[in-house]
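1 is the number of the first residue of the sequence shown in our numbering; add one for each residue after it. For glycine and all other residues, C-beta sits at the position ideal for the given N, C-alpha and C.
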Amino acid sequence: MADAEVNRTGSQRVLIAADKFKGSLTAVQVAERLTAGLRRAAPLTEVEALPVADGGDGTVDAAVAAGFERREVRVAGPLGDEVAAAFALRDGTAVVEMAEASGLQRLPAGVLAPLTASTYGSGELLRAALDAGARTIVFGVGGSATTDGGAGMLAALGARFLDEDGEPVPPGGGSLDRLATADLSGLDERLSSVDVVLASDVDNPLTGPKGAAAVYGPQKGASPDDVAVLDAGLAHFAAILEKAIGPRAAEHAAAPGAGAAGGIGYGALVGLGAGFRPGIEVMLDVLGFGPALERATLVITGEGSLDEQTLHGKAPAGVAAAARAAGKEVIAVCGRLALAPDALGRAGIRRVYPLTDVEPDVARCIAEAGPILEDVGERIGQDFLT
């Protein structure tokens, strides 16, 4: 529907389906600020907020904003210290975010532990979802501090990983080279009757130049030598699992998503029987995006930085694709824009409103993102709703 047609009928209904502005605003706050700005320009506009996420950090918050119940438990953080982590539950579906237990934000300030960080707490979080009666688990992975192939997660769920002396291998990807035997027979039997969906915005394999260690290890503090140790450890881990459970272990190591979140994707595929789906597709289904999209005449999406990564499975690209398929107009907001107009057009985004157009100082954009985003919302209201 063209702008003029919408304005004559007065039927405009805005759906805000944006991700977080990392380091500045949560997805919920983005929606709140945009709504306030839109209503400055057009007070009677109907606005529906549906904060979205792609499986990484912020996924549980998005589910709670959509009506899921927040459940908090105490689990092991990436270094073994106890942390409070949450999952979301509604009607037998649990949304579990591995970053809640094993994410970079769970490390002490200034501390990185690429060789020793463990996903054990993520396994405890999954077990808590099983205890709560979940029949479907959407397992969002991203933002991890870990590169242990999901070994810690599987150990928390009953698997055993032993060295040559029959002792449990120490936590972290740096110890995987000590693994002599793997036994998955003790995995929580409830996993066999639960549908586990691995939700991720990356499709990397477990090892190699595009694998978990090579691509994402440096973000977690891994030096080039550490990356080599971690990649070799993950390859050894897969080889030992192949001896334990057969060729499917090798098949899963090469599968899309196996390298997600330090290889926890591999652990989920090989040990939990998970099926891989792009995170934003899963979350849009879980959050009820389809019905909200039907009600909308204009969709606003966005995230902190619109760049090449956005086009490869990030939330705004998923929202725009779904909206375009439904014939709905899409505009975007962001802190920083690094995409050419033709790329935006191909993604289905008609116009972008970067915060830097209002405040060129990037540091101020980050520090004052909320008020600036309200101003952007007012501009959108003036351009599209009045």
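Taking the CA atoms as reference points, A261 sits about 9 Å from S200. Cα atoms of T59 and V95: separation of roughly 8 Å, rounded to the nearest angstrom. Along the segment 129-164, the beta strand (DSSP E) occurs as fully enclosed runs of 3 or more residues at 136-140, 160-162, listed in sequence order. Looking at the DSSP output, I300 bridges to I16, I331. As DSSP reads the structure, S200 sits in a beta bridge with P278. Proximity of the segment 236-249 to the segment 308-322 falls short of the contact definition, fewer than three beta-carbon pairs being nearer than 8 Å. With distances taken between CA atoms, E164 lies nearest to L179 out of D61, A249, L179. Spatial neighbours of V64 in its own chain (CB-CB distance under 6 Å, excluding positions within 5 residues in sequence) are listed in chain order as R70, A88.
Cα atoms of D226 and G173: separation of roughly 10 Å, rounded to the nearest angstrom.
For V227, there is no enclosing beta strand (DSSP E); the enclosing alpha helix (DSSP H) has its first and last residue at 224-245.
V194 has its alpha-carbon roughly 18 Å from the corresponding atom of M98.
Partner residues in a beta bridge of T45, as assigned by DSSP, do not exist. Beta-bridge partners of P168 (DSSP): L162. For D342, there is no enclosing beta strand (DSSP E); the enclosing alpha helix (DSSP H) has its first and last residue at 341-347. Bridge partners of S305 according to DSSP: R336. A distance below 6 Å between beta-carbons, with the five flanking residues on each side excluded, links G259 to the following residues of its chain, in chain order: N204, P205, L206, G211, A212. In the three-state DSSP reduction, F289 falls in the helix class (H, G or I). F21 sits in a strand when the DSSP states are folded into three classes. For the pair A36 and G377, the Cα-to-Cα distance works out to about 7 Å.
Listed as beta-bridge partners of E69 by DSSP are L89. DSSP, read as helix, strand or coil, puts P371 in helix.
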